[in-house]
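**Q** The structure is given below, and queries will be raised subsequently.
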Amino acid sequence: MTRFAIDAPVALRLVRDGLSAGEHQLVGAGALRSQAMQLLWAEVRAGALPEADARALLEALAALKVRLLADRVSRSVAWRLAGQLDWEDVRDAEPLAVASLQADVLVTDDARLAAAADGIVERVGYDALRRALA
Numbered sequence: 001m002t003r004f005a006i007d008a009p010v011a012l013r014l015v016r017d018g019l020s021a022g023e024h025q026l027v028g029a030g031a032l033r034s035q036a037m038q039l040l041w042a043e044v045r046a047g048a049l050p051e052a053d054a055r056a057l058l059e060a061l062a063a064l065k066v067r068l069l070a071d072r073v074s075r076s077v078a079w080r081l082a083g084q085l086d087w088e089d090v091r092d093a094e095p096l097a098v099a100s101l102q103a104d105v106l107v108t109d110d111a112r113l114a115a116a117a118d119g120i121v122e123r124v125g126y127d128a129l130r131r132a133l134a
């Protein structure tokens, strides 16, 4: 069993592809579902996604088994990492904090987050996760 830390875009890709964790474990920041909802809302507002489809994806996301962390320790680590990385928004460090605490690898296609993971936690792209879950 591998523990994969995921960010909101990866969570949405999983539900769009109809994938589940299977024998593996998914972990994410406590705000993951709200962040994913915001991404879907932006697609709806831009006319790129019908509202009914977005709502269906939200339901699928609710059913996706993800352990969400929003405890003192993960928040403290996110705070520290944001400072070390000189990031303006501490929320951006949350997936990295969760990965460093509770995962074997971080799954993201975000270039900035991937670069920040170097030396903290192993990082793989979505395609590697999809192969592991297939």
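Following the working numbering, the numbering of the sequence shown begins with 1 at its first residue and continues without gaps. Note that beta-carbon positions come from the ideal geometry of N, C-alpha and C, so glycine has one too. Computed from a predicted structure; not experimentally measured.
Buried or exposed for A48, please, with buried defined as at least 16 other CB atoms from any protein chain shown within 10 angstroms of its CB.
**A** By the neighbour-count rule (16 or more Cβ atoms within 10 Å), A48 is not buried but exposed.
**Q** Quick one: Cα of A63 to Cα of L129, how far?
**A** Answer to the nearest angstrom: the Cα atoms are 18 Å apart.
**Q** Quick one, which of L106, A116, R112 and A52 has its alpha-carbon nearest I6's?
**A** Checked all of L106, A116, R112 and A52; the closest Cα to I6 is L106.
**Q** Strictly by DSSP, which residues pair up with G28?
**A** DSSP lists L68 as partners of G28.
**Q** Buried or exposed: G125, going by 16 or more other Cβ atoms within 10 Å of its Cβ?
**A** Exposed.
**Q** On a Cα-Cα basis, can you pick out the residue from R75, L81, E88 and D127 that is closest to L119?
**A** Contrary to the premise, residue 119 reads as Gly rather than Leu in this sequence. Selected option, being the one with the closest Cα: L81.
**Q** Can you name the residues that DSSP bridges to I6?
**A** Bridge partners of I6: V107.
**Q** Pick helix, strand or coil for V124, following the three-state DSSP scheme.
**A** In the structure shown, V124 sits in a strand (DSSP, three-state: E or B).
**Q** Whole angstroms are fine: how far does the CA of P9 sit from the CA of A56?
**A** Cα to Cα, A56 sits roughly 16 Å from P9.
**Q** Going along the chain, which residues of its own chain have a beta-carbon closer than 7 Å to the beta-carbon of S100, five neighbours each way excluded?
**A** V77, I120 and V121, listed in sequence order.
**Q** Using CA coordinates, which residue listed in L39, L32, M1 and A42 is at the minimum distance from E23?
**A** Minimum Cα distance to E23 is reached at M1.
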